[in-house]
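Rendered as structure tokens:
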């Protein structure tokens, strides 16, 4: 199967470099040089993965990611020259699947693309309805729905994937690094506060819903979905 990659960067030299290496590796490529064109091409060409730069004209990478995530779960790898923790956390919270800091090694980019596509393909092959239920709680990963007390709650994709992962393994304690690896799907080099941010937001949605379960902090270790 030939995968289609949408490359989004306003630097034409970077686009050309990525295009050459990706096509040499057997990928089909499409190139967009600004944010508006990226949103248009993501809808028009239905790529299998998007390489998305942050600093773009018209719409920046954050805005593009938000727009795409409204209608699509196409894997997104963010390209950032800043390398700051804030940028990485924000990208992950908006629904990006991975990130690569500039200047990057082209072989690393291709390796990350293949890893993300492999995970995405494995998820697509699963035809079962991925759902867990507890007292007053329903988490459906197939339709990305969180239901509390019979009411659907708007929940960003990574928050839902995190609570689904924890609730699917009740009473098991996970470290932050394990959650980053198993939910985000890659080794996060740097600050793991993004897990704390997601847990805090989930607690705001789930606190005091039921006395039969809770999202619990295990001090000095990590988190678990505790079922009583």
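Residue numbers (my numbering): 139 to 366. We put the CB at the ideal spot given by N, CA and C, even for glycine. Since the model is a prediction, treat every value here as computed from it, not as a measurement.
Alpha-carbon spacing of residue i relative to residue j, whole angstroms
i           : j           : result
residue 155 : residue 248 : 12 angstroms
residue 172 : residue 323 : 28 angstroms
residue 335 : residue 213 : 22 angstroms
residue 328 : residue 241 : With a pLDDT of only 48 at residue 328, under 50, the local geometry of the prediction cannot be trusted, and no value is derived from it.
residue 258 : residue 186 : 9 angstroms
residue 244 : residue 159 : 7 angstroms
residue 294 : residue 301 : 11 angstroms
residue 265 : residue 278 : Any reading at residue 265 needs caution, since the residue's pLDDT is 46, under 50, leaving its predicted position unreliable; the model's value is listed next. Distance between the alpha carbons of residue 265 and residue 278 is about 13 angstroms.
residue 141 : residue 256 : 11 angstroms
residue 339 : residue 178 : 31 angstroms
residue 192 : residue 366 : 44 angstroms
residue 349 : residue 207 : 34 angstroms
residue 246 : residue 234 : 17 angstroms
residue 219 : residue 194 : 12 angstroms
Opening and closing residue of the beta strand (DSSP E) in which residue i lies
i           : result
residue 359 : Neither: residue 359 is in no beta strand (DSSP E) and is coded neither H nor E.
residue 285 : 283-286
residue 276 : 275-278
residue 290 : 289-291
residue 214 : 214-218
Chain-order list of residues whose beta-carbon lies under 7 angstroms from that of residue i (same chain, five-residue window excluded)
i           : result
residue 174 : 196, 197
residue 369 : For the chain, the structure presents residues 139 to 366; residue 369 sits outside this window and is missing.
residue 355 : 361
residue 161 : 167
residue 313 : 359, 360
residue 310 : 362
Residues sharing a beta bridge with residue i, DSSP
i           : result
residue 142 : 166
residue 364 : 352
residue 271 : 276
residue 237 : 216
Same chain, Cβ closer than 8 angstroms to residue i, five either side skipped, listed in chain order
i           : result
residue 290 : 283, 284
residue 287 : 274, 347
Endpoints, the alpha helix (DSSP H) within which residue i is located
i           : result
residue 335 : 331-344
residue 179 : 173-183
Residues near residue i by beta carbon distance below 6 angstroms, same chain, minus five either side
i           : result
residue 352 : 364
residue 176 : 146, 170, 202
residue 304 : 363
| request: Tell me, please, whether the stretch 228-247 touches the stretch 201-210 by the rule of three or more beta-carbon pairs shorter than 8 angstroms. | output: yes
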